[in-house]
Amino acid sequence: MAIIPKVGRKSLKTRIVIAMLYIVLSLGAVTMVYPFLLMVGNSLTSDADMQEFTPIPRYIYSTEALFPKYAVDRYAGDIDLINQLYGTQFGKIDSIIPPKITSTPAQLKAQAEDWQRFVARLPINYKQACFEGFGTAPSLLKTRYREFCRKRFGGDITKQNRLYLEENESFETVTVPFERFKMREWEPDDSPKMREWIQFKKRLPDYFLRAMMVDPSFQAYLKDAVYDARINDLNEAWGTHYRDFRQIHLAPTLPSHPGQAKDWESFVRQNLAFRYMKIDPLAATAYRDFLRQRYGGNLTVLNKMHGSRYGSFDEIALPSKIPTKGAPLVDYSQFIAKAVPIRLVTAVNTENLYRAHLLKRFGTVEAVNRAFGTRYASFAEVSPPVYNADWYHVQTNAAAIRKDFLTRNYSTVVSYILLHGRAVLNTVVFVVAVILIHLIVNPMCAYALSRYNLPYAYKVLLFLLATMAFPAEVAMIPSFLLLKQFHLLNTYWALILPGMANGYAIFLLKGFFDSLPKEL
């Protein structure tokens, strides 16, 4: 029988009461569902946006919100690196926004695609792999590299360990080689892992690689080591009118202005990585004279230190490859720092190569401005358009990037649990075995104590209940020693047997059986 009869429901007051009840119940349902939606929404985020706490992450419907998430993922959450590449001053990853584009969509496309083609042609040691992982987010690079290693060694981690001289327990612990781009003398070594890593890098999609920049290092050198962050002092010494150190670029050759030349030479001799230097062959004479003086004209000592077989100092030429260790590296470093004629050195860093590329392609800076919608006064002002290129990539690949972010967390968990290791199998076996044994042992013991009038029944029950007086920690060591003595360690029985019988469960079940008629 209804609490409110049909006649009563026709009253306006009654309908209002019913409506209020539905509203209150609906609000109650929302308060139950909303936290669950928050949990689901947060499971689709990463360290870049997990603090937003929204049921639907913004990157799903907003390309502007997708861009900072992509940038953080691409550059491993390194806000300093992002600022260097983008020419920005973001204080934290939450403040990253897309660039303010003043060019037309066609000009943006032309600029971004031209930059991508230029980067694709750079030497592999000018490029670093991106997507190394940030915080707890899965790493796209590591995932690809581990899959590469898994296929390369047929799923046998011992073969990889033997070749790479490592001790990985599984492919899930394999890490990418560490490339020391910040060390000026660094060059990829000739180890098996590094050789195969280089081949792996060459097969990566273009958007997985970023060009290494030198201008940020030059700017930091001037700002911190020379002018103590005083841009006016630099302008006075250089005869320029820069407003910010970020406007300064490393010239390809020695500048004509004395102040600029002094700082350029100091940076090149002390800081510029050797791989970004091009030494004119005319410097070979200076190199021979430097070695002759350094070794006191003793060719025998030089051959011993360099592992060479020169017949005279006149046979010595500039190294075709940068030395990587020992006396050859030390001598080459000292030659660059003290003796190389500075006018014979050219900085062939990414930025200068890009400016040369634009000069060759367009001829004039006005043509560059017309093609890309930029406002450069000269080629010396040109900066690599990393910011615009990343924004263009996000715009043109938004669906694929969103799909990756939406599925990455869950695919990583599912892949790790189901496809790698025995976690799921062990859990299923353990759970099923524990349930079956508990349903068999405890009820049978309780039923026997309840149905049979044993004279010692209560003594047995007291003995079982007495086990509850001892904390589980007390039994840990005795249980371990027993399992070890019976050779059951690292088996399912080691997990099942110690908890097979439970005194409290037997006590409860005995009381239950006592309440049932014996006829049942």
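Each residue of the sequence shown is one higher than the one before, starting from 579 at the first, in the working numbering.
Glycine is no exception: its CB is placed at the ideal position from the N, C-alpha and C atoms.
Quick caveat, the model's predicted, so the values are computed rather than measured.
Item, Value
"Given a threshold of 16 other Cβ atoms within 10 Å of its Cβ, counted over all protein chains shown, does A1047 qualify as buried or as exposed?", "exposed"
"Report yes if the CB atom of Y799 is closer than 8 angstroms to the CB atom of N881, and no otherwise.", "no"
"Which two residues bound the contiguous beta strand (DSSP E) that contains R953?", "Note, R953: premise wrong, no beta strand (DSSP E); not H, not E."
"So the candidates are A688, A905, Q871; which of them puts its Cα closest to the Cα of P886?", "Pro is not the amino acid found at residue 886; the sequence shown has Ser there. Nearest C-alpha to S886: A905."
"Leaving aside the five residues before and after A654 along the sequence, list all residues of the same chain whose C-beta is less than 7 angstroms from its C-beta, in chain order.", "E710, G711, F712"
"Comparing C-alpha positions only, which one of I1055, G941, L1027, A1072 sits nearest to G1081?", "L1027"
"How should I601 be labelled, buried or exposed, when 16 other C-beta atoms within 10 angstroms of its C-beta is the threshold for buried?", "exposed"
"With respect to the beta strand (DSSP E) encompassing V923, which residues constitute its N-terminal and C-terminal limits?", "923-925"
"Taking the alpha carbon of D627 as the point to measure from, which residue in A643, S795, H1065 has its own alpha carbon closest?", "A643"
"Tell me which same chain residues have a C-beta within less than 7 angstroms of the C-beta of A917, skipping the five on either side of it?", "A864, F868"
"Here's a check: name, in chain order, each residue in its chain whose Cβ is nearer than 7 angstroms to the Cβ of A1001, leaving out the five neighbours to either side.", "I995"
"Tell me which same chain residues have a C-beta within less than 8 angstroms of the C-beta of L896, skipping the five on either side of it?", "I857, P859, A861, A862, Y865"
"Considering R870, what are the terminal residues of the alpha helix (DSSP H) in which it resides?", "862-872"
"Quick one: residues in its chain with C-beta nearer than 6 angstroms to the C-beta of F891, no 5 flanking neighbours on either side, listed in chain order?", "R866, R870"
"If you follow the beta strand (DSSP E) that A789 is in, where does it begin and where does it stop?", "787-789"
"Count the CB pairs spanning the stretch 908-925 and the stretch 811-824 that are closer than 8 angstroms, and state whether there are at least three.", "no"
"Using three-state DSSP, classify M610 as helix, strand or coil.", "helix"
"Tell me whether A839 sits in a helix, a strand or coil according to DSSP, three-state version.", "helix"
"To which residues of the same chain is I1018 closer than 8 angstroms at the C-beta, ignoring the five residues directly before and after it?", "none"
"Fully enclosed by the stretch 894-928, which alpha helix (DSSP H) runs are 4 residues long or longer?", "904-912"
"Between the beta-carbon of A715 and the beta-carbon of D625, is there less than 8 angstroms?", "yes"
"Let me make sure I understand the geometry here. Which of F696, V595, I638, N966 has the alpha-carbon closest to that of T666?", "N966"
"Label D793 either buried or exposed according to how many other C-beta atoms from any shown protein chain fall within 10 Å of its C-beta, with 16 as the threshold for buried.", "buried"
"Tell me which residues share the same chain as G837 and place their Cβ nearer than 8 angstroms to its Cβ, disregarding the 5 neighbours each side in the sequence.", "A815, W816, G817"
"Hey, out of M761, L922, E757, whose CA is closest to R773's CA?", "E757"
"I'd like the list of long-range same chain contacts for P1033, defined as Cβ closer than 7 angstroms, with 5 residues on each side in sequence excluded.", "none"
"Using the three-state DSSP reduction, which class does A807 fall into: helix, strand or coil?", "coil"
"In terms of alpha-carbon separation, which member of A1083, V972, S1093, I1055 lies closest to P1021?", "A1083"
"Please tell me whether F645 and V972 are closer than 8 angstroms, where the distance is taken between their beta carbons.", "yes"
"Between V946 and R695, what straight-line distance do the alpha-carbon atoms span, to the nearest angstrom?", "16 angstroms"
"Might you give, ordered along the chain, the residues of its own chain that have their beta carbon closer than 8 angstroms to the beta carbon of Q797, omitting 5 neighbours on each side?", "F823, R824, I826"
"Output the distance between the C-alpha atoms of E744 and S673, rounded to the nearest integer angstrom.", "40 angstroms"
"With distance defined between alpha-carbon atoms, name the residue in V943, P755, L599 nearest to Y723.", "P755"
"Quick check on T1045: buried or exposed, where buried means 16 or more other Cβ atoms within 10 Å of its Cβ?", "exposed"
"Can you give me the C-alpha to C-alpha distance between D811 and L622, rounded to a whole angstrom?", "50 angstroms"
"When the Cα atoms are used, what is the spatial distance from A925 to P613?", "57 angstroms"
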